[in-house]
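Notes follow once the structure below has been shown.
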Amino acid sequence: MARFPRVDKSDNKKTVKKGAWTAEEDHKLVAYIKRYGIWNWTHMAEPAGLARTGKSCRLRWMNYLRPNIKHGNIAKEEEEIIINLHRVLGNRWASIANRLPGRTDNEIKNYWNIRLKKRFVMDNLQMPTACDVKVDSNDNDPSSPQYSSIAHVDAAKAQNLGPPRGVDHVDETLINGLISPGNKIEKEEENIWEQLFALKDLCILEDFDGMCLNPGSVSPASECTYSEPTYFGESYEDFIMDLWGN
DNA sequence: AACGCAAACAACCGCACCAGG
DNA sequence: ACCTGGTGCGGTTGTTTGCGT
């Protein structure tokens, strides 16, 4: 990682702008990146003519300005993927986002917190957790008693609650087995993906891969009730196209 | 039309990690 | 080995928007 001369703190008292980005700021950032590329977020803001922190610039770029970002309208298929990935990965939004082209971690995180989390609460459903997945035995059968007790206990742990009502028996040895060294559930992402592909509902991911390879096969938008937001009076697509000079 | 509330979204903050010096 | 600065991530908060009364 390249390093730069220390910032003179005494000269660092310029007012830093916060809050919503304006179209002009977006234009400046995109124009700068188009010309010079991303070389250092912290030091890019000033020459780009932005009174923003590097972090703010990076966030704006990553979540809205970079090409190929999809906005709104999370399809049913994507929702299923999010649920399944969250079951395996937990709150690792960036990892989940990596699996959903065009989606940002922020968007997925918001979607989860606002819609899915609430739905699980309202429907009194079992909140999926990363530890729900166990691939090395019959326990990956959701209908099995073992699977069920694991899921219940982990959800209860996640909410700092005791075992939920209706669960009168918890197999502690199973829980210990899940968290003990040498357990087949590893933290490393590669192993997590192996677990993921062992899931019975893998077909959803396969369908999604198919969608990526054959974009024309994506479900028709007519199924969606989402209305496209506007960006400074334009559709998001027009706004980005305009920013990129296309 | 005005107000209040809830939902949705955008952005900030703090922390952890990584790499160069 | 340690320090420092940059980056990325997840949690949280602030603002905007939509809807019901």
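Mapping of the first sequence onto full-length UniProt numbering: residues 1 to 246, in sequence order. We put the beta carbon where it would ideally sit given N, CA and C, even for glycine. Keep in mind the model is a prediction, meaning the values are calculated, not measured.
So, L65 versus L89, is the Cβ gap smaller than 9 angstroms?
For this step, residue 65 is matched to residue 65 along the first sequence. For this step, residue 89 is matched to residue 89 along the first sequence. No.
Taking the continuous alpha helix (DSSP H) assigned at A23, which residues delimit it?
Here residue 23 corresponds to residue number 23 of the first sequence, with the count starting at 1. Here the alpha helix (DSSP H) through A23 covers A23 to Y36.
State the Cα-Cα distance for the pair D26 and L85, rounded to the nearest angstrom.
Sequence index remark: in the first sequence, residue 26 carries index 26 (1-based). Sequence index remark: in the first sequence, residue 85 carries index 85 (1-based). If I take the Cα positions, the gap works out to 32 angstroms.
Considering only their Cβ atoms, is the gap separating L116 from E79 smaller than 9 angstroms?
By one-based count along the first sequence, residue 79 stands at place 79. By one-based count along the first sequence, residue 116 stands at place 116. Going by C-beta atoms, E79 is nearer than 9 angstroms to L116.
Which residues bound the alpha helix (DSSP H) around L89?
As a first step, residue 89 must be located in the first sequence, where it is residue number 89. Here the alpha helix (DSSP H) through L89 covers K76 to L89.
Who are the near neighbours of A94 in its chain, counting only those whose CB is closer than 6 angstroms to its CB and skipping five residues on each side?
Here residue 94 refers to the residue found at position 94 of the first sequence. The beta carbon of A94 sits closer than 6 angstroms to those of D105, all from its chain and outside the five residues before and after it, given in chain order.
Collapsed DSSP secondary structure at R52 in the structure displayed
As a first step, residue 52 must be located in the first sequence, where it is residue number 52. Shown here, R52 sits in coil according to DSSP, grouped into three states, outside any helix or strand.
How big is the Cα-Cα spacing for K17 and G54?
By one-based count along the first sequence, residue 17 stands at place 17. By one-based count along the first sequence, residue 54 stands at place 54. Spanning the two alpha carbons is a distance of roughly 11 angstroms.
Boundaries of the alpha helix (DSSP H) in which N106 is found, first to last residue:
For the purposes of this step, residue 106 is identified with residue 106 of the first sequence, where counting begins at 1. Here the alpha helix (DSSP H) through N106 covers D105 to Y111.
Opening and closing residue of the alpha helix (DSSP H) in which I96 lies
Counting from one through the first sequence, the residue named residue 96 turns up at place 96. Looking at the DSSP string, the run of the alpha helix (DSSP H) that includes I96 is W93 to N98.
Straight-line Cα distance separating N73 from I96
Taking the first sequence and counting its residues from 1, the one referred to as residue 96 is at position 96. Taking the first sequence and counting its residues from 1, the one referred to as residue 73 is at position 73. Whole-angstrom Cα-Cα distance: 17 angstroms.
Spatial neighbours of M62 within its chain, please: C-beta separation below 6 angstroms, excluding the five flanking residues on both sides.
Your numbering for residue 62 matches position 62 in the first sequence. None.
Are the CB atoms of I82 and I108 within a distance shorter than 9 angstroms?
Residue 108 sits at position 108 when you count from the first residue of the first sequence. Residue 82 sits at position 82 when you count from the first residue of the first sequence. Cβ atoms of I108 and I82: closer than 9 angstroms.
Take G19 as the anchor and find which of E46, R35, L59 and Y36 has the nearest alpha-carbon.
Within the first sequence, numbered from 1, the residue matching residue 19 stands at position 19. Minimum Cα distance to G19 is reached at L59.
When we look at the beta-carbon of I240 and count the other beta-carbons within 10 Å, is it buried (16 or more) or exposed?
Taking the first sequence and counting its residues from 1, one reaches residue 240 at position 240. Classification of I240: buried, given that the 10 Å Cβ count is 16 or more.
Beta carbon of G37, beta carbon of I69: below 9 angstroms?
As a working mapping, residue 37 is identified with position 37 in the first sequence. As a working mapping, residue 69 is identified with position 69 in the first sequence. No, these two residues do not count as a Cβ contact at 9 angstroms.
Got a sec, what are the start and stop residues for the alpha helix (DSSP H) M62 sits in?
In the first sequence, counting from the first residue as 1, residue 62 sits at position 62. Element bounds for M62: n/a, residue is neither H nor E.
Tell me the residue span of the alpha helix (DSSP H) that contains R43.
Along the first sequence, one-based indexing puts residue 43 at 43. One detail in the question is off: residue 43 reads as His in this sequence, not Arg. Taken as a continuous stretch (DSSP letters only), the alpha helix (DSSP H) holding H43 covers W41 to M44.
Y32 to A23 span [Cα, whole Å]:
Counting from 1 along the first sequence, the entry for residue 32 is found at position 32. Counting from 1 along the first sequence, the entry for residue 23 is found at position 23. If I take the Cα positions, the gap works out to 14 angstroms.
Roughly how many whole angstroms lie between the Cα atoms of R87 and H71?
As a working mapping, residue 87 is identified with position 87 in the first sequence. As a working mapping, residue 71 is identified with position 71 in the first sequence. Cα-Cα distance, rounded: 23 angstroms.
Measure the beta-carbon distance from C57 to A75 and round it to whole angstroms, keeping in mind my assumption that it falls under 8 angstroms.
For the purposes of this step, residue 57 is identified with residue 57 of the first sequence, where counting begins at 1. For the purposes of this step, residue 75 is identified with residue 75 of the first sequence, where counting begins at 1. By a beta-carbon distance limit of 8 angstroms, C57 does not contact A75. Their separation comes to about 30 angstroms.
Pull up the distance between the alpha-carbon of W112 and that of P67, whole angstroms please.
Within the first sequence, residue 112 is the residue found at index 112, counting from 1. Within the first sequence, residue 67 is the residue found at index 67, counting from 1. The alpha-carbon atoms of W112 and P67 are separated by roughly 23 angstroms.
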